[in-house]
Amino acid sequence: MKKQPMALLLFVFLPFALAAGPEAKPVVSKTTPLLGPQPAQPKGPLPGGETPNDRELPASDKPKDNAAPDNSRSLEITSSAQDEIPIALDPPPLDLSFKDVVGFARPGQTQRVLDGPVEHMPGNEILGLAILDPRQALGALPLRIPSPPFIRMEVPPGLETSKGSFGVMDQMSRVIYDKSGPELPRDLAVWDGFQNDVLVLQAGVPYTPMLTLTDPRGSTQRYFGEPIQLEALQFNQGGLLHVEIRNDVLFQRGSADLSIEAVPLVKGLLNIMRVHVGSPFRVTVYAGEGGRGVAEQRADTLKRFLEDALVFEGDNFKPGVEAQGARGEVTEILITLEPETQP
23 MKKQPMALLL FVFLPFALAA GPEAKPVVSK TTPLLGPQPA QPKGPLPGGE
73 TPNDRELPAS DKPKDNAAPD NSRSLEITSS AQDEIPIALD PPPLDLSFKD
123 VVGFARPGQT QRVLDGPVEH MPGNEILGLA ILDPRQALGA LPLRIPSPPF
173 IRMEVPPGLE TSKGSFGVMD QMSRVIYDKS GPELPRDLAV WDGFQNDVLV
223 LQAGVPYTPM LTLTDPRGST QRYFGEPIQL EALQFNQGGL LHVEIRNDVL
273 FQRGSADLSI EAVPLVKGLL NIMRVHVGSP FRVTVYAGEG GRGVAEQRAD
323 TLKRFLEDAL VFEGDNFKPG VEAQGARGEV TEILITLEPE TQP
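For the sequence shown, the working numbering puts the final residue at 365, and the numbers step up evenly by one.
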């Protein structure tokens, strides 16, 4: 019975003894989430040499991208395409109405040539619109070879004349044409190049028109026009269409090869021959520089070219070669005209 009070006393003081002892450290579970405020992060380096920036950041709410790493490359592709468009150079129709060809213009603009009478216009005005400008004739002509009248000269306006004359000189200052009379054209003097129905103008020779006027008081004044030199020309004579091209323009110097500068003239020749397709024709190369041997080679070159361009049969076409004649060193094409096309 004496031991019971002692046991009761120990039981009573045990809680107080536990409470009065040293403060116990809180036990934190590594798996249980913390409730309430979390302990502050320590400052300075952490054990093991780690710094606060090296610590792993908390995971974001976005799902983690598990895609493969980006291995894309930039690729530049260059492509090209080519297409061929055939272009047919057909001769213009011969039955155009007047309103389709009357669009004439002064030098420097589009210029067309009118074939046929125009009753409602004065004669000099028609010639002024129909003749090629001399500055155009000095260079290579696009697709058209000059035709008569070859020489023209403007008459100075506002002059009172009692008489006058219009003439043409060649390169040796020789007068090859002269027409005098009390009356001259008001605005334009022209010459077709013919004398006694024969063309006297030649390809490659410069010609200068001149106008001599005498006023009522007897004072004489002389005017000179622009020199004209034609590398090629076409004209009708004796029922034939003549086309002449200078050899030193049509061919390379001392060679049988066609000249690249003669391409516009060759195109004009082909257009003429296409218009008169089916008509008998003859091609003659007159010898000059290089002699007859070079002329024969040039004839063969021209034969092959025309056969290919106009689809000729080789047995039916053979150019001729002759010594230099009165028309100079030229290549001449003669085409027989139908009766209705002759002047």
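For each residue, glycine too, the CB sits at the ideal point set by N, CA and C.
Model, not experiment: these values are computed from the prediction.
Residue closest to Gln193, alpha-carbon to alpha-carbon, out of Pro170, Tyr229 and Gly247:
In the sequence shown, counting from the first residue as 1, residue 193 sits at position 171. Among Pro170, Tyr229 and Gly247, the Cα nearest to that of Gln193 is on Tyr229.
Would DSSP call Leu359 helix, strand or coil?
What you label residue 359 is simply residue 337 of the sequence shown in a count that begins at 1. For Leu359, the three-state secondary structure derived from DSSP is coil.
Other residues of its chain near Pro6: CB distance less than 6 Å, five sequence neighbours each side excluded:
Here the chain has residues from 23 to 365 only, and residue 6 is not among them.
What does a CB cutoff of less than 7 Å around Asp200 pick up in its chain, not counting 5 residues either side in sequence?
The residue you call residue 200 lines up with position 178 of the sequence shown. Within the same chain, Asp200 has close Cβ partners Ser187 and Gly189.
Exposure label - Ala321; buried when at least 16 CB within 10 Å:
For the purposes of this step, residue 321 is identified with residue 299 of the sequence shown, where counting begins at 1. Looking at its Cβ environment, which holds 16 or more other Cβ atoms inside 10 Å, Ala321 is buried.
Contact criterion: CB-CB distance below 7 Å. Does Leu324 meet it with respect to chain B?
In the displayed structure, chain B is absent; only one protein chain is listed.
Where does Gly186 sit, in a helix, a strand or coil, going by DSSP?
Looking up residue 186 in the sequence shown gives position 164. Here Gly186 carries a strand assignment [DSSP, helix/strand/coil].
So, does the segment 338-347 touch the segment 298-315, judging by three or more C-beta pairs under 8 Å?
Three or more Cβ pairs closer than 8 Å define a contact, and the segment 338-347 meets that threshold against the segment 298-315.
Where do the ends of the beta strand (DSSP E) carrying Pro231 lie?
Start at 1 with the first residue of the sequence shown, and residue 231 comes out as number 209. Run containing Pro231: Thr230 to Thr236, per the beta strand (DSSP E) assignment.
Delimiting residues of the alpha helix (DSSP H) encompassing Asp270
Within the sequence shown, residue 270 is the residue found at index 248, counting from 1. Segment Asn269 to Leu272, the alpha helix (DSSP H) holding Asp270.
Under a three-way DSSP split, which group does Ala331 fall into?
Locating residue 331 in the sequence shown gives position 309, counting from the first residue. DSSP, read as helix, strand or coil, puts Ala331 in helix.
For a quick check, are the C-beta atoms of Ala278 and Gln319 less than 7 Å apart?
As a first step, residue 278 must be located in the sequence shown, where it is residue number 256. As a first step, residue 319 must be located in the sequence shown, where it is residue number 297. For the pair Ala278 and Gln319, the CB atoms are nearer than the 7 Å cut-off.
Outcome for Phe327 when other beta-carbon atoms lying within 10 angstroms are tallied against a minimum of 16:
Residue mapping note: residue 327 aligns to position 305 of the sequence shown, counting from 1. Exposed.
Give the straight-line distance between the Cα atoms of Gly310 and Thr353, rounded to the nearest whole angstrom.
Here residue 310 refers to the residue found at position 288 of the sequence shown. Here residue 353 refers to the residue found at position 331 of the sequence shown. If you take the alpha carbons of Gly310 and Thr353, they lie about 11 Å apart.
So if DSSP puts Arg304 in a beta bridge, which residue, or which two residues, is it bridged to?
Residue numbering aside, residue 304 sits at position 282 when the sequence shown is read from its first letter. Partner(s): Leu356.
By DSSP's criteria, Lys201 is part of a beta bridge. Which residues make up the other side?
The residue you call residue 201 lines up with position 179 of the sequence shown. Phe188.
Label Ala103 either buried or exposed according to how many other C-beta atoms from any shown protein chain fall within 10 Å of its C-beta, with 16 as the threshold for buried.
For the purposes of this step, residue 103 is identified with residue 81 of the sequence shown, where counting begins at 1. With fewer than 16 other Cβ atoms within 10 Å, it is exposed.
Whole angstroms is fine: what's the gap from Leu291's alpha carbon to Val197's?
The residue you call residue 291 lines up with position 269 of the sequence shown. The residue you call residue 197 lines up with position 175 of the sequence shown. Rounded to the nearest angstrom, the two C-alpha atoms are 31 Å apart.
Contact defined as beta carbons within less than 8 Å: I believe Leu349 pairs with Gln259. What is the distance between those atoms, to the nearest angstrom?
Translated into positions along the sequence shown, residue 349 becomes position 327. Translated into positions along the sequence shown, residue 259 becomes position 237. Correcting the residue type first, residue 349 is Arg in the shown sequence and not Leu. Their Cβ separation, rounded to whole angstroms, is 11 Å, which puts Arg349 and Gln259 out of contact at 8 Å.
For the putative contact between Ile167 and Ile294, defined by C-beta atoms under 8 Å, what is the C-beta separation to the nearest angstrom?
Your numbering for residue 167 matches position 145 in the sequence shown. Your numbering for residue 294 matches position 272 in the sequence shown. Their Cβ separation, rounded to whole angstroms, is 7 Å, which keeps Ile167 and Ile294 in contact under 8 Å.
CA-to-CA distance, Trp213 to Thr183, given in whole angstroms
To locate residue 183, count along the sequence shown from 1; it is residue 161. To locate residue 213, count along the sequence shown from 1; it is residue 191. Between the alpha carbons of Thr183 and Trp213 lies a gap of roughly 20 Å.
Under the rule that 16 or more other beta-carbon atoms within 10 Å means buried, what is Arg268, buried or exposed?
Looking up residue 268 in the sequence shown gives position 246. Buried, by the Cβ-count rule.
Go through its chain and collect everything with a Cβ distance to Lys325's Cβ below 6 Å, but skip five positions before and after it.
As a first step, residue 325 is located in the sequence shown; it is residue number 303 there, counting from the start. Here Lys325 has Pro341 as same chain residues with Cβ atoms under 6 Å from its own Cβ, once five neighbours each way along the sequence are excluded.
Let me know the secondary structure DSSP gives Ser96 once reduced to three states.
For the purposes of this step, residue 96 is taken as the residue at position 74 of the sequence shown. Reduced to three states, the DSSP call for Ser96 is coil.
Can you tell me whether Arg157 is helix, strand or coil according to DSSP?
Start at 1 with the first residue of the sequence shown, and residue 157 comes out as number 135. For Arg157, the pLDDT reaches just 37, beneath the cut-off of 50, and the residue's location in the model is therefore unreliable, leaving the point undetermined.
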